[in-house]
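*Asks:* When the letters of the sequence shown are read in order and numbered with full-length UniProt numbering, they come out as residues 1 to 222. The beta carbon of each residue, even a glycine, is placed where N, CA and C say it ideally should be. Mind having a look at this structure? Questions to follow.
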Amino acid sequence: MNKIINIKQLNWNNENRGIYSFELKINTDYLNSIYLLHRAFVIRHLKNRTINASTKTRGEVSGGGKKPWKQKKTGRARAGSIRSPLWKGGGVIFGPKPRLIEKKINRKEWNLALKLCLLKKSDRMIIIEDFVQNFETQAKTKVLYNALKRWDINLEKKTLIIIENSNHNILLSSRNITNIELINANNLNLKALLSAFTIILTPKALEVINQTYQGNSHENKI
Numbered sequence: 001m002n003k004i005i006n007i008k009q010l011n012w013n014n015e016n017r018g019i020y021s022f023e024l025k026i027n028t029d030y031l032n033s034i035y036l037l038h039r040a041f042v043i044r045h046l047k048n049r050t051i052n053a054s055t056k057t058r059g060e061v062s063g064g065g066k067k068p069w070k071q072k073k074t075g076r077a078r079a080g081s082i083r084s085p086l087w088k089g090g091g092v093i094f095g096p097k098p099r100l101i102e103k104k105i106n107r108k109e110w111n112l113a114l115k116l117c118l119l120k121k122s123d124r125m126i127i128i129e130d131f132v133q134n135f136e137t138q139a140k141t142k143v144l145y146n147a148l149k150r151w152d153i154n155l156e157k158k159t160l161i162i163i164e165n166s167n168h169n170i171l172l173s174s175r176n177i178t179n180i181e182l183i184n185a186n187n188l189n190l191k192a193l194l195s196a197f198t199i200i201l202t203p204k205a206l207e208v209i210n211q212t213y214q215g216n217s218h219e220n221k222i
């Protein structure tokens, strides 16, 4: 089942350039899509999470192996070791040990989760023509800030900028603006997509998304 999302397209000077239609291959229903998005987010959020808490068992805690007192004729409860979990300073039963929490999701599920997120965020997306070209020879925060204001971007809320390739000038221009995050189209971040209030893309970034995540695109000016 294919879904077509329509994205508003502007040029650098905030002039309307029509609607960009982008087709996504999505073969799941609403309930499954919610489950898949949640599962993909949890798995990626917990990926390579390390638990460092550590306790010692009775075999690891310090202390001699000698029996504290003889088995009988003392009037005391029998004891075999001062390292017993029953004793103060003894070992811990089933205590935590350092471990790596690793959950996996296959590539098809991950790509589908990203496409579902793009579908749900489609009404928050805008495409900007000539975005990268305006930073080919300069890296100025003021230029990007004024452009965001010109496009009526709400800087009080998080804005995600997706470009086709790494661009050092754009990175330098955006890193001092609050609530701005920059990512590459071939390395989409589910958490960044879900948390973004506005998503800015370039036409070439959509082409990269199309090639990487197996969607189909065509342009339709309205």
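#1: Mapping DSSP to helix, strand and coil, what is I209?
#2: Give the single residue among L46, H168, D123 whose Cα lies nearest to the Cα of K8.
#3: Could you spell out the range, first to last residue, of the alpha helix (DSSP H) harbouring T141?
#4: Leaving out five residues before and five after residue 240 in sequence, what residues of the same chain have Cβ atoms less than 8 Å from its Cβ?
#5: Does I128 pass the burial test, meaning 16 or more other C-beta atoms within 10 Å, or should it be called exposed?
#6: Alpha carbon to alpha carbon, how far is V92 from R78?
#7: Can you grab the Cα-Cα spacing for the pair I153 / N27, in whole Å?
#8: By how many angstroms is the C-alpha of R58 removed from the C-alpha of L188?
#9: Between S195 and A139, how many whole angstroms is the CB-CB distance? I'm expecting something under 8 Å.
#10: What residue from G63, N106, K103, Q71 has the CA that sits closest to P85's CA?
#11: Report the residue from N165, I183, I51 whose alpha carbon sits nearest the alpha carbon of L100.
#12: Give the secondary structure of E109 by DSSP, where H, G and I count as helix, E and B as strand, and everything else as coil.
#13: Have a look at the DSSP bridge pairing and note the partners of N6.
*Replies:* Looking at the coordinates:
#1: Helix at I209.
#2: When each option's Cα is compared against that of K8, the closest is D123.
#3: From DSSP, the alpha helix (DSSP H) with T141 extends over 141 to 150.
#4: In the structure as shown, the chain begins at 1 and stops at 222. Residue 240 is therefore absent and cannot be evaluated.
#5: With a threshold of 16 other beta carbon atoms within 10 Å, I128 meets it and is buried.
#6: C-alpha separation (whole angstroms): 20 Å.
#7: So the alpha carbons of these two residues sit roughly 33 Å apart.
#8: When rounded, the distance between both Cα atoms is 47 Å.
#9: Actually they do not touch by this definition, with Cβ atoms about 26 Å apart.
#10: Considering only alpha carbons, the answer is G63.
#11: Comparing C-alpha distances from L100 to each of N165, I183, I51 shows the shortest one belongs to I51.
#12: The answer is helix: DSSP assigns E109 an H, G or I state.
#13: Within the DSSP secondary-structure output, N6 pairs in a beta bridge with S21.
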